[in-house]
Amino acid sequence: FPVAPEVEDEGKTLQLVESYLQNFYNLQKDRHPHLRSHGENPLNTKLKEMQLFFGLEVTGKPDLDTLEVMKKPRCGVPDVDQ
Amino acid sequence: YVFTPGNPKWKRNNLTYRILNYTPKMRRADVDEAIRKALSVWSNVTPLTFQKVEDKEADIMISFAYRDHRDNSPFDGPNGQLAHAFQPGEGIGGDVHMDEEEAWTKDGRGYNLFIVLAHELGHSLGLSHSNDPGALMYPTYSYTDPNEFLLPQDDIDGIQAIYGQSNTAVQPTGPVTPEACDPNLTFDAITTLRGELFFFKGRYMLRKHPARTETELNFISLFWPKLPSGIQAAYENVERDEILIFKEDKYWVIEGYDVLPGYPKPIYGLGFPKTVKRVNAAYNDEATGKTYFFVADRYWRYDEKKKSMDHGYPRKIVSDFGKIGRVDAAFQKDGYVYFFHGTTQFQFDPRAKRIVRQMKSTSWFNC
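In the order they appear, the protein sequences are chains A and B.
Counting along the first sequence from 1, when you hit position 2 you're at 2 in our numbering, and nothing is skipped either side.
In short: position in the second sequence from 1, add 1000, done, that's our numbering.
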């Protein structure tokens, strides 16, 4: 109460976020979705969609609250239409 | 609630199901019971019926599967994805797949098979994920004791919008997820805990940290899986760093995340007469070490050092706490006692022995 946040490896975090959004938010598989320079990054767009669904602060960034939700056990059916 | 895109639904109300295999982690009879109970969650609130079949194709085929199980949606091993199900339709439509690598149980350890199955069957019937955190169709797992489970109203509304109401004379209703800023919100119990406030309501608690603006909504079972829902009174004993939780004629003592062994115990061990069936509210006065228990229109005072009720009690609440006749919940903070009755809150000054302020019950949530 409250639990101290764990220090996360940045690469692992990005992998978790990409995998989660691909599984449940129809993020298209792309070698480097976070490195695109034109228009809004699809990863950020999907992240915002996920944050909105779960009532989190919509930042488009994988903050601690967002990562906490992503790590929770869940149903394998996507939250959005594929 | 959310419908599956395209609004798929079964054209018939009499559906069949088949159990293709069993998990070795549970007794077959317990798996059968979990499936029967999960189906009844939906049949109780709609005109749908489910008939078990063997050795032939059923509308809903239920199986335990391992990793890649040839449906283009491989499981990922322990934790993560627990199960998935397909929308109503021919062939694979309606089928439920459970990840064999999960720790399936019939209770609160690991993952409760009944809870997960009931959720998946919602998909089999045409519901998508709800963003109501209290709904069964919310995508993340949270444990509820199957014996206490009531289908939340959000799910009832969703499934009835697809299949209509149940044929029973009295329509079932379910619990609604509390919202901190609902002006009609009332509380079952409230306690301080290490500087935070915990407001109990049904199977939820609203957690308010003084330094954070937002209020967190959690299931009670997330922190304390052994506690029941519908807690009726709670108080913190700061000196012992414990909270005591009351429901009906029992109480539990909690230290951090742990419910102490040997609990629940009967409240009569604290000195209540057998005529007392439940405690409505309680708070501990840090300065004196006395705990005040509120039962109907009376209150008792308990000496935490002597571990006995003080003489001369019960007394009428109205005699010593002004116009506060009955109390739903109470806590002490910064020298004041806060009493809750319905949607009203009274701030009581124990030194002056009078009510100094009257507020809405939700005043703590920055609404």
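The C-beta atom is built at its ideal place from N, Cα and C for all residues, glycine as well.
What you are looking at is a predicted structure, and each value in this text was computed from that prediction instead of being measured.
- Looking only at its own chain, which residues have a Cβ that is under 6 Å from the Cβ of residue 1366 of chain B, when we skip the five neighbours before and after it? Numbered from its first residue, the second sequence carries residue 1366 of chain B at position 366. So the list reads 1213, once near-sequence residues are dropped.
- Query: Tell me which same chain residues have a C-beta within less than 7 Å of the C-beta of residue 1044 of chain B, skipping the five on either side of it?
  - Reply: Within the second sequence, residue 1044 of chain B is the residue found at index 44, counting from 1. Excluding positions up to five away in sequence, the list reads 1166, 1172.
- Query: So which of B/1356, B/1305, B/1311, B/1295 has the shortest CA-CA distance to residue 1329 of chain B?
  - Reply: Here the question's residue 1329 of chain B lines up with position 329 in the second sequence. The shortest Cα separation from residue 1329 of chain B among B/1356, B/1305, B/1311, B/1295 belongs to B/1295.
- List, in order along the chain, the chain B residues whose C-beta lies closer than 8 Å to that of residue 55 of chain A? Here residue 55 of chain A corresponds to residue number 55 of the first sequence, with the count starting at 1. Chain B residues near residue 55 of chain A: 1131, 1133.
- Rounded C-alpha distance that separates residue 1133 of chain B from residue 1313 of chain B: Position 133 of the second sequence, counting from 1, holds the residue named residue 1133 of chain B. Position 313 of the second sequence, counting from 1, holds the residue named residue 1313 of chain B. Computed Cα separation, rounded: 43 Å.
- Message: Is any non-hydrogen atom of the ligand COA found closer than 7 Å to the C-beta of residue 1227 of chain B, if you look at the structure I gave you?
- Response: No copy of the ligand COA appears in this structure; indeed no ligand is present at all.
- Which stretch, first to last residue, makes up the beta strand (DSSP E) that contains residue 1190 of chain B? Here residue 1190 of chain B corresponds to residue number 190 of the second sequence, with the count starting at 1. Run containing residue 1190 of chain B: 1189-1193, per the beta strand (DSSP E) assignment.
- My understanding is that residue 1297 of chain B touches residue 1274 of chain B, with C-beta atoms under 8 Å, so please give their C-beta distance in whole angstroms. Residue mapping note: residue 1297 of chain B aligns to position 297 of the second sequence, counting from 1. Residue mapping note: residue 1274 of chain B aligns to position 274 of the second sequence, counting from 1. That belief does not hold up - the Cβ atoms of residue 1297 of chain B and residue 1274 of chain B are roughly 19 Å apart, past 8 Å.
- Query: Along chain B, which residues have their Cβ under 8 Å away from the Cβ of residue 72 of chain A?
  - Reply: Looking up residue 72 of chain A in the first sequence gives position 72. Those are 1140, 1141, listed as they occur along chain B.
- Message: If I measure Cβ to Cβ from residue 1 of chain A and keep anything under 8 Å in the same chain, skipping five residues before and after, which residues do I get?
- Response: If you number the first sequence from 1, residue 1 of chain A lands on position 1. Reliability fails at residue 1 of chain A, whose pLDDT of 45 lies under 50, so the model's placement of it is uncertain and no value is given.
- Message: Please report the distance separating the alpha-carbon of residue 1098 of chain B from that of residue 1120 of chain B.
- Response: Along the second sequence, one-based indexing puts residue 1098 of chain B at 98. Along the second sequence, one-based indexing puts residue 1120 of chain B at 120. Their backbone Cα atoms lie some 9 Å apart in a straight line.
- Buried or exposed: residue 107 of chain A, going by 16 or more other Cβ atoms within 10 Å of its Cβ? Residue numbering for chain A in the displayed model covers 1 to 82; residue 107 of chain A lies beyond these limits and cannot be assessed.
- From which residue to which residue does the alpha helix (DSSP H) around residue 1124 of chain B run? Taking the first residue of the second sequence as position 1, residue 1124 of chain B is located at position 124. Element bounds for residue 1124 of chain B: 1113-1124.
- In DSSP terms, what residue 1266 of chain B is bridged to: As a working mapping, residue 1266 of chain B is identified with position 266 in the second sequence. The partner list for residue 1266 of chain B (beta bridge, DSSP) reads B/1250.
- Message: Using DSSP's beta-bridge definition, name the partner residues of residue 1177 of chain B.
- Response: Here residue 1177 of chain B corresponds to residue number 177 of the second sequence, with the count starting at 1. DSSP output for residue 1177 of chain B lists no bridge partner at all.
- Task: For residue 1073 of chain B, go through chain E and note every residue whose CB falls closer than 7 Å to its CB, in chain order.
- Result: Absence of chain E from the displayed structure is noted, the protein chains being A and B.
- Task: Specify the secondary structure class of residue 1028 of chain B as computed by DSSP and reduced to three states.
- Result: Residue mapping note: residue 1028 of chain B aligns to position 28 of the second sequence, counting from 1. Residue 1028 of chain B: helix per DSSP, three-state reduction.
- Item | Nearest-angstrom beta carbon gap, residue 1094 of chain B and residue 1059 of chain B [assumed within contact, 8 Å] | Residue 1059 of chain B sits at position 59 when you count from the first residue of the second sequence. Residue 1094 of chain B sits at position 94 when you count from the first residue of the second sequence. Rounded, the Cβ-Cβ distance is 5 Å, consistent with contact.
- Task: Measure the C-alpha to C-alpha separation of residue 1201 of chain B and residue 1190 of chain B and round it to an integer number of angstroms.
- Result: By 1-based counting over the second sequence, the position of residue 1201 of chain B is 201. By 1-based counting over the second sequence, the position of residue 1190 of chain B is 190. Residue 1201 of chain B and residue 1190 of chain B: Cα-Cα distance of roughly 9 Å.
- Sorted by chain position, which residues of the same chain lie with C-beta nearer than 8 Å to residue 1277 of chain B's C-beta, five sequence neighbours on each side aside? Locating residue 1277 of chain B in the second sequence gives position 277, counting from the first residue. The answer, listed in chain order, is 1248, 1249.
- Count the other CB atoms, across all protein chains shown, that sit within 10 Å of the CB of residue 1308 of chain B; report buried if there are 16 or more and exposed otherwise. One-based indexing of the second sequence puts residue 1308 of chain B at position 308. Exposed, by the Cβ-count rule.
- What runs of the alpha helix (DSSP H), each 4 residues or longer, lie entirely inside the segment 1058-1099 of chain B? none
- Query: If you run the structure through DSSP and keep just helix, strand and coil, what is residue 1143 of chain B?
  - Reply: Stepping through the second sequence from its first residue, residue 1143 of chain B is reached at position 143. Residue 1143 of chain B: coil per DSSP, three-state reduction.
- residue 1118 of chain B and residue 1136 of chain B look like a contact to me (Cβ under 8 Å); what is the Cβ gap, rounded to whole Å? As a position in the second sequence, residue 1118 of chain B is number 118, starting the count at 1. As a position in the second sequence, residue 1136 of chain B is number 136, starting the count at 1. Confirmed, Cβ separation roughly 6 Å.
- What residue does the alpha helix (DSSP H) around residue 44 of chain A start on, and which one ends it? What you label residue 44 of chain A is simply residue 44 of the first sequence in a count that begins at 1. 42-53 is the span of the alpha helix (DSSP H), which, as asked, contains residue 44 of chain A.
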